[in-house]
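In mature numbering (1 follows the signal peptide of the UniProt record, and there is no 0), the protein residues as written are -22 to -1, 1 to 347.
Ideal Cβ placement from N, Cα and C applies to all residues, glycine included.
Worksheet: one structure, shown below.
Following this line, the structure appears as structure tokens:
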């Protein structure tokens, strides 16, 4: 892992040295996020568990971002991003590759928008999450996303013991081999579309993906909508189509900020579907102290045995500086009586609760550079 980190630093330093020769209109930046802490889980396979966990309030990322000014408001841009586990130094998720979190190159223009090519986020993230309509943006982080008693949804991008993890794609799913266009802001509106290519000879539709998003921003108010469908090729079997859509809104009252979000998923192969509604708020008590809370309700359809769950999250953030934060949080999920609760981010074969209740409590530190 040391070799990987130093390689990133060396590349950044080399690019910056080249940039100094090329002129002030271009830049290459090495950046990152690091988060680590201790989490207590009240019921993990029927037992309490106190463990080290990282990448919760923000993923642990190491990125190299480039921007070349081509003149006339046009820029060539790229982003290469690795995700790591602070506790072990390993690349995350396993098998994703050195720049598995994001790897894209493209052009941006002040008048015409941007076009990017590579492995990149779809509009469930770009429009809804980065549009700050998801409470997990500030409250709960990875634990604040959606999971629950919905294992039968069987999402093909997850291990069997966490088959419902990130079912609305908001915590960082990407689309490989994709092309994405995003418009400039026009009267407060921004829109975009993405196509991912399956690369199957003789079948343009096999393994492909499509996503679209719409954002509106006016002062303190923002609203967003997004749709994504990804078709996953299965060895020796038919492809599995996973469809998501969501709508959300936010309002910033100054010290108080609020959000509302609805998202859904449907597995086209087995018919399993989940919908959720969420409300969240943060309150800036002082410039250094922020409180946050959120509530969400999730409901599966008949294929998922009509399982449902309520989830409450609360957080306290203390900003030591513009870069570094210490925090405490708690997340409680209560499912229906004959279901087993599972809070998002517990990706462990023994992580599911033995009953309908699961509580997480955590303290941690986050920094960025």
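Query, Result
"Sequence ranges, alpha helix (DSSP H) only - wholly within the region 100 to 150, length at least 4", "none"
"Helix, strand or coil at residue 14 according to DSSP, with G and I counted as helix", "strand"
"Simplified DSSP state of residue 317, which is helix, strand or coil", "coil"
"Reference residue 26; option with closest CA among 347, 332, 226 and 53", "332"
"Touch test, the region 75 to 92 against the region 48 to 57, Cβ-Cβ under 8 Å, three pairs minimum", "yes"
"CA nearest to the CA of residue 239, picked from 43, 74, 255 and 230", "255"
"Inside the region 137 to 213 only - beta strand (DSSP E) runs reaching at least 3 residues", "152 to 160, 167 to 174, 187 to 196 and 199 to 212"
"Classification of residue 196 by the beta-carbon crowding that lies within 10 angstroms, buried from 16 upward", "exposed"
"Residue(s) in a DSSP beta bridge with residue 48", "Paired residues: none, contrary to the question."
"Buried or exposed by the 16-neighbour rule on C-beta atoms within 10 Å, applied to residue 104", "buried"
"Residues that residue 78 bridges to, as DSSP identifies them", "Looking at the DSSP assignment, residue 78 forms no beta bridge with any residue, so it has no partner."
"Which of helix, strand or coil DSSP assigns to residue 266", "coil"
"Segment contact, 8 Å Cβ cut-off, at least three pairs: the region 118 to 133 with the region 242 to 255", "yes"
"Cβ-based neighbour list, residue 37, same chain, cut-off 6 Å, excluding 5 preceding and 5 following", "61"
"Closest Cα partner of residue 111 within the set 180, 194 and 22", "194"
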